[in-house]
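Asker: Every letter in the sequence shown is one number past the one before it in this note's numbering, and letter 30, counting from 1, is 36. Quick one: the structure is below, and I'll ask about it shortly.
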Amino acid sequence: KMSSAEIFVLFPSVCLGSRLRQEDSPPRIVEHPSDLIVSKGEPATLNCKAEGRPTPTVEWYKDGERVETDRENPRSHRMLLPSGSLFFLRIVHGRRSKPDDGNYVCIARNYLGEAVSRNASLEVALLRDDFRQNPQDVVVAVGETANFECQPPRGHPEPTVFWRRDKTQLDLKDDRVMVRGGKLTISNTKKSDSGIYVCVASNMVGERESEKAQLSVYERPAFMQRPVNQVVLVDESVEFRCQVHGDPPPALRWKKEDVDVPRGRYDREDSLLRIKKASVSDQGTFTCVAENRVGKAEASAYLTIRGGLTVMRSLLEYIAFLCGFLFLFIFKLRSTSVCGATSGPDCGSGTDRYLSLCDQRQTSANSFLAKRRQQGEQFEEVGT
């Protein structure tokens, strides 16, 4: 049987113990872990914070299995912090072994129960070295569109792509420049767009550069001086001139009636084509052809050859005709004067004969002039 004093001492203890147990509470997660993407070899932390009375213990599980920390294995690269968070000294990730990659939960426990956090994934970022497609050299003419294409290396997160020219990032504010995925388009190119281009892939792991590709913006051939039509006599010399500019400097060649002119018969010096002694066989169309890497231009001229002896013979015939016509005209005047002074039945007979002869000469003159005009028209048509 207990004394009153013993009962008095025991009662406060029982009351105090009941009060403490009534203030205890089960665990509650107040900070859940978040998804992480971390580079290989870098430190990382999965946060977890729990409340409860008594203070709950925290354990971590990855893909359903308990995570070993430094508390169980001092050599572990995973540390359980006093707050309950899981700290990785470094993320371990290899081709065959990926011990840190997975889905994590933290569980807080005390004698009143347990609380489980939301799932959080830990993914290891990567960016491989090799581009799946490297850009290639491009050659365009001024004003044309240049296109480069690259496919970045595989990576996680998916790498973004941008471009550098001569080690400087391209200005996308230029309306002529457009980047879509791994494709770079430069419209209405200028000489200043020439340079070395590199495709750059970037994510949280770092950057990777593609192989270098060169953009060459050239100028098509353009004529500064074109050959002109010419008319020469047989055995005279002829020169055709043709001057062009372009980048790279165009190569020049000459054609006659779409066939390259043979060496030896014609002298060629840079932009000059010379024929020392022209012959009838040289008559025809001569074409100057200028060509470089981005284009070709042509300019033509017609060479007409006139026979020297034929021209001289025609000229002499014409002079003889004029002299004969003048003689007949004077004779006609004298005959008219004689008939006026001496009348007779046969007075006009001689004159009529001469007038008939004059008419024949006039007809011959007209035919000759018409023939010369026709030849002149043919000459003009050939010359043009």
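Virtual Cβ for every residue (Gly too), placed ideally from N, Cα, C.
Kindly give me the distance between the Cβ atoms of V240 and S285, rounded to whole angstroms, as I take these residues to be in contact under 8 Å.
Answerer: Right, their Cβ atoms sit about 6 Å apart.
Asker: Run the CB neighbour count on I311, radius 10 Å, all protein chains shown included, and call it buried at 16 or more, exposed below.
Answerer: Label assigned to I311: buried.
Asker: Within a Cβ cutoff of 7 Å, which residues of the same chain sit near R34, ignoring the five residues on either side of it in sequence?
Answerer: Answer for R34: A56, E57, G58 and A121, listed in chain order.
Asker: Can you tell me the Cβ-Cβ gap for G301 and R232, rounded? I've got them flagged as a contact below 8 Å.
Answerer: Not quite, the Cβ-Cβ distance comes to about 16 Å (not below 8 Å), so this is no contact.
Asker: Quick one: which unbroken beta strand (DSSP E) runs of 3-plus residues sit fully inside the segment 43-86? Chain order, please.
Answerer: DSSP runs (the beta strand (DSSP E)) wholly in the segment 43-86: 50-52, 55-59, 63-68 and 84-86.
Asker: Starting from T166, trace the beta strand (DSSP E) in both directions and tell me its first and last residue.
Answerer: Unbroken beta strand (DSSP E) run through T166: T166 to R171.
Asker: Report yes if the C-beta distance between P105 and F137 is below 8 Å; otherwise report no.
Answerer: No.
Asker: From the DSSP output, which residues share a beta bridge with K189?
Answerer: In DSSP, K189 forms a bridge with E155 and R186.
Asker: Below 8 Å CB to CB, which residues in the same chain sit around P188 once its five sequence neighbours on both sides are set aside?
Answerer: One point to set straight first is that residue 188 is Gly, not Pro, in the sequence displayed. Answer for G188: Q139, E155, C156, Q157, P158, V167 and C205, listed in chain order.
Asker: Just the C-alpha distance for S31 and R102, rounded to the nearest angstrom, thanks.
Answerer: Using only the alpha carbons, I get a separation of about 44 Å.
Asker: Does P254 pass the burial test, meaning 16 or more other C-beta atoms within 10 Å, or should it be called exposed?
Answerer: By the 10 Å Cβ count, P254 comes out exposed.
Asker: Near G119, which residues of its chain fall below 6 Å by C-beta distance, leaving aside the five closest residues on each side in sequence?
Answerer: Closer than 6 Å at Cβ, skipping near neighbours: P32.
Asker: For E263, which residues of its own chain have a beta-carbon under 7 Å away from its beta-carbon, when the five flanking residues on both sides are left out?
Answerer: So the list reads G290 and T291, once near-sequence residues are dropped.
Asker: I need the boundaries of the beta strand (DSSP E) containing N116, first residue and last residue.
Answerer: It spans G108 to N116 - the beta strand (DSSP E) in which N116 sits, taken as one unbroken run.
Asker: What did DSSP end up calling K302 once you bin it into helix, strand or coil?
Answerer: K302 falls in the strand class under three-state DSSP.
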